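Residue numbers (this note's numbering): 1 to 60.
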């Protein structure tokens, strides 16, 4: 977290822009992983073009 209590911006690759961009309206989701394990991921939209973005996160 940053000093002013705002969450850190989530950066993901935008397929349409072909660049890493900040995600707007990011939210954490869980998806099925290998062996039935839950995997964390973030989903949101590109701040420039509005394309849906997805980023797989590491373990907590």
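Glycine residues also receive a C-beta, built at the ideal position from the N, C-alpha and C atoms. As the structure is a computational prediction, the values presented were derived from the model and not from experiment.
Is it right to say residue i is buried, meaning 16 or more other beta carbons lie within 10 angstroms of its own, or is it exposed?
i	result
residue 10	buried
residue 26	buried
residue 14	buried
residue 21	buried
residue 23	buried
Please name the residue or residues paired with residue i in a DSSP beta bridge.
i	result
residue 51	Paired residues: none, contrary to the question.
residue 29	41
Report, in whole angstroms, the separation of the C-beta atoms of residue i and residue j, which I expect to be a contact under 8 Å.
i	j	result
residue 45	residue 54	With a Cβ gap of about 10 Å, residue 45 and residue 54 do not count as contacting.
Given a cut-off of 7 Å on the beta-carbon distance, is the pair residue i and residue j in contact?
i	j	result
residue 51	residue 16	yes
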